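Asks: Residue numbers in the sequence shown follow our numbering, run continuously in steps of one, and reach 467 at the last position. Starting off with a structure, shown below.
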Amino acid sequence: MADAGLTGQDTETKGQAPRRLPSVHAVLREAGLAQALASFGHAMSVAAVREVLARARSTGRGLDAAAAAGETVDALHAAQQSRLRPLFNLTGTILHTNLGRALIAQEAIDAAVQAMRHAVALEFDLDSGKRGERDDLLRDILRELTGAEDATVVNNNAAAVLLTLNSLGQGKGAIVSRGELIEIGGAFRMPDIMARAGARLVEVGTTNRTHLRDYEGAIDAETGLILKVHTSNYRIEGFTASVPADRLAGLARARGIALVDDLGSGTLVDLAQFGLPHEPTVREAVAAEADIVTFSGDKLLGGPQAGFIVGRKDLIARINANPMKRALRVDKMRLAAIEATLRLYRDPERLVRKLPTLRSLARPLAGIEACARRLAPAFPPPVMAQVTPCASQVGSGAVPRETIPSFGLALRGVPAETLAAAFRALPMPVIGRISEGTLLLDLRCLEDEAAFLANLAALPDRLANPR
Ligand SMILES: *Cc1c(COP(=O)(O)O)cnc(C)c1O
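Written out as structure tokens, the structure reads:
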């Protein structure tokens with residue numbers, strides 16, 4: 001080993017007597033480091049030792065070789081942890097954008113793994129032996145599930161909207177109701193997307209009321225399309241009026257322009273079966289004769305991140321011919337997962353059991369309460385867990401104002417912020433929500449109780465040694 005040069009002997013720290021630190025070489029020779037050295041390798045171990053010694057030097061803290069070796073082992077293990085490690089989403093928001101939205105069905109996970117491990121016929125027609133199109137993979141099942149004439153897939157729904165507006169509205173006017181000029185999280189603002197797509201925004205109506213005649217009056221020779229946007233994350237209430245898609249479709253058809261309906265979450269099933277208000281399904285939007293309907297893959301649909309564009313064949317062809325399409329395309333792993341997810345919709349009876357998003361949404365209240373009662377006694381003192389009714393929500397802009405009755409645990413005995421930090425520091429972080437000064441764990445999305453309990457064993461340590 002040629003790394004013996006680094007020692008701390010002559011380093012001074014302001015206002016303190018210089019402390020002696022072991023050499024890198026001496027730390028590497030420590031028995032306590034042997035196993036880590038073998039598993040992480042020489043280069044990573046040396047870098048970690050250097051970092052530990054540098055930290056000790058900068059704080060003026062004395063450290064012997066054995067202690068430095070111990071800290072190095074901890075640092076190596078910490079650095080090895082994925083930044084995307086799994087956590088418990090007990091926020092009560094089923095599709096939490098910051099926590100990765102939909103969980104993927106086992107069938108889709110298996111399909112993605114296969115596609116990762118093997119060469120696949122991504123753009124290759126096995127019958128003819130000629131080049132194929134990746135869009136061919138999903139076209140048929142999307143047509144079957146939505147009733148649309150044709151379909152294509154891009155990176156996410158934001159991309160679907162951008163690509164559609166650019167393909168059909170560049171250099172033309174795009175008419176939108178003032179009540180639907182949405183901003184959704186992460187700086188997706190309809191007027192900005194419109195500008196980037198090269199379409200000229202033509203606002204009609206008012207914030208609370210827009211009528212068919214407003215759209216009619218705005219159509220001229222420069223108009224490219226009418227855009228209807230699902231007001232995903234807010235609701236305008238009171239003295240309101242908006243024009244349903246089927247009436248807009250009639251107007252668009254009569255005037256020879258396209259109607260684009262951005263559904264946002266875009267469910268393929270009727271949410272009424274889960275006690276939620278009816279949201280327009282993709283099939284209904286297509287049946288209302290919107291020319292193009294766009295929706296997300298990882299919201300209520302319950303698949304991986306993706307954006308679907310379904311509708312008229314000639315318009316889909318124009319969208320596919322747009323050079324931007326190439327920049328927004330989806331890779332084989334996701335295509336495999338999307339296909340497997342969509343296939344689950346062919347079997348409505350088993351769908352709710354197999355698709356984690358719908359499983360969480362449909363979970364019986366009594367089952368959640370029973371789970372809360374089983375877990376409540378397991379919390380170590382001074383934490384006290386009280387079973388409490390609470391309200392979950394779908395999240396990601398789907399049915400924004402509706403909540404779903406749920407059960408959770410209100411945790412007391414330790415200040416909420418301190419407790420929340422300790423839960424975030426667990427081996428498998430637990431994310432709850434703080435409500436009226438109390439940390440609440442909504443148990444709707446907890447499926448693996450055993451893993452949760454095993455994880456809880458580390459809580460006393462995290463409370464005693466906050467990070
Ligand atoms: C969520 C949403 C989008 C963006 O979809 P992503 O899949 O997150 O890119 C666009 N429009 C509406 C109405 C939405 O709700």
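For each residue, glycine too, the CB sits at the ideal point set by N, CA and C. Since we're looking at a predicted model, the values are computed, not measured.
Cα separation between T438 and L463?
Replies: For T438 and L463, the distance between alpha carbons rounds to 16 Å.
Asks: Excluding the 5 residues preceding and the 5 following V286 in the sequence, name in chain order all residues of the same chain whose CB lies nearer than 6 Å to its CB.
Replies: The answer, listed in chain order, is T146, G147, A148 and V293.
Asks: Would you be able to state if there are at least three C-beta pairs under 8 Å between the region 196-206 and the region 169-182?
Replies: Flag = yes, the region 169-182 and the region 196-206 touch.
Asks: Considering only residues of the region 204-292, which uninterrupted alpha helix (DSSP H) runs meet the minimum length of 4 residues and lie entirely inside it, listed in chain order?
Replies: With a minimum length of 4 residues, the continuous alpha helix (DSSP H) runs that stay inside the region 204-292 are 212-218, 245-255 and 282-287.
Asks: Give me the Cα-Cα distance between V229 and N322, rounded to the nearest whole angstrom.
Replies: Answer to the nearest angstrom: the Cα atoms are 22 Å apart.
Asks: What number of angstroms, rounded off, separates the C-alpha of V282 from the C-alpha of L263?
Replies: Cα to Cα, the separation comes out at about 8 Å.
Asks: When every heavy atom of ligand 1 is checked, does at least one fall within less than 8 Å of the C-beta of D331?
Replies: No, the Cβ of D331 stays beyond 8 Å of every heavy atom of ligand 1.
Asks: Return the CA-CA distance between S296 and I182, expressed in angstroms with no decimal places.
Replies: Going by the C-alpha atoms only, they are around 16 Å apart.
Asks: Output needed for E349: all residues of its chain with C-beta closer than 7 Å, excluding positions within five of it in sequence on either side, in chain order.
Replies: There are no such residues.
Asks: Taking the straight line between their C-alpha atoms, what separation do you get for L441 and G129?
Replies: The alpha-carbon atoms of L441 and G129 are separated by roughly 54 Å.
Asks: So, does the region 354-372 touch the region 331-338, judging by three or more C-beta pairs under 8 Å?
Replies: Result no; under three Cβ-Cβ pairs closer than 8 Å.
Asks: Say yes only if the C-beta of Q305 is nearer than 8 Å to one or more non-hydrogen atoms of ligand 1, and no if none qualify.
Replies: True, at least one ligand heavy atom lies under 8 Å from that Cβ.
Asks: Shortest alpha-carbon distance to P466 belongs to which of A422, L446 and E447?
Replies: The option with the nearest alpha carbon to P466 is A422.
Asks: I need the DSSP call for D127, collapsed to helix, strand or coil.
Replies: The answer is coil: DSSP assigns D127 none of H, G, I, E or B.
Asks: Helix or strand or just coil, what does DSSP make of V161?
Replies: Of the three classes helix, strand and coil, the one that applies to V161 here is helix, per DSSP.
Asks: Quick one: does the C-beta of L212 sit closer than 8 Å to a heavy atom of ligand 1?
Replies: Incorrect: L212 has no Cβ contact closer than 8 Å to ligand 1.
Asks: Please report how far the alpha carbon of G100 lies from the alpha carbon of E216, in whole angstroms.
Replies: Each residue's Cα considered, the two are about 41 Å apart.
Asks: Assign M384 to one of three DSSP states: helix, strand, or coil.
Replies: In this structure, M384 counts as strand in the three-state DSSP scheme.
Asks: Mind reading off the beta-carbon distance from N455 to P427? Whole number of angstroms is fine, and I expect it under 8 Å.
Replies: About 6 Å separates the two Cβ atoms, so the contact holds.
Asks: Within its chain, find whatever has a CB closer than 8 Å to the CB of R29; leave out the 5 residues flanking it on each side and keep chain order.
Replies: Here the set comprises A65.
Asks: Who are E183's beta bridge partners in DSSP?
Replies: Bridge partners of E183: R189.
Asks: Roughly how many whole angstroms lie between the Cα atoms of E123 and V161?
Replies: When rounded, the distance between both Cα atoms is 24 Å.
Asks: From which residue to which residue does the alpha helix (DSSP H) around R101 run?
Replies: Where R101 is concerned, there is no enclosing alpha helix (DSSP H), given that its DSSP letter is neither H nor E.
Asks: Give the list of continuous alpha helix (DSSP H) stretches no shorter than 4 residues that lie fully inside the region 11-85.
Replies: With a minimum length of 4 residues, the continuous alpha helix (DSSP H) runs that stay inside the region 11-85 are 24-28, 34-40, 42-59 and 65-80.
Asks: Please report the residue range of the beta strand (DSSP E) in which V310 lies.
Replies: Start and end: G307 to G311.
Asks: So, with DSSP's three-state summary, where would you put S396?
Replies: The answer is coil: DSSP assigns S396 none of H, G, I, E or B.
Asks: Taking the alpha carbon of G311 as the reference point, which residue from A34, T164, L443 and A54 has its own alpha carbon closest?
Replies: It is T164.
Asks: Going by the beta-carbon positions, is the gap between I434 and A420 smaller than 9 Å?
Replies: Closer than 9 Å, so yes.
Asks: So, at 8 Å on beta carbons, what are the nonlocal neighbours of N155 in its own chain, with the 5 sequence-adjacent residues on each side left out?
Replies: Same-chain partners within the cutoff: Q305, A306, G307, L328, R329 and V330.
Asks: Below 8 Å on the Cβ atoms is my contact criterion, and I expect M384 with R412 to pass it. Report the Cβ-Cβ distance as a whole number of Å.
Replies: Sure, about 5 Å apart at Cβ, within 8 Å.
Asks: With DSSP as the reference, identify every bridge partner of F88, one or two as the case may be.
Replies: According to DSSP, which records beta bridges pairwise, F88 is partnered with V430.
Asks: Helix, strand or coil for A174, going by three-state DSSP, please let me know.
Replies: Strand, per DSSP.
Asks: Flag F88 as yes when its Cβ comes closer than 8 Å to any non-hydrogen atom of ligand 1, and as no otherwise.
Replies: No, the beta carbon of F88 sits no closer than 8 Å to any heavy atom of ligand 1.
Asks: CB of L263 to nearest heavy atom of ligand 1: below 8 Å?
Replies: Yes, the beta carbon of L263 sits closer than 8 Å to at least one heavy atom of ligand 1.
Asks: Run through the DSSP bridge pairs and tell me what F407 is partnered with.
Replies: In the DSSP output, where bridge partners are listed per residue, F407 has P389.
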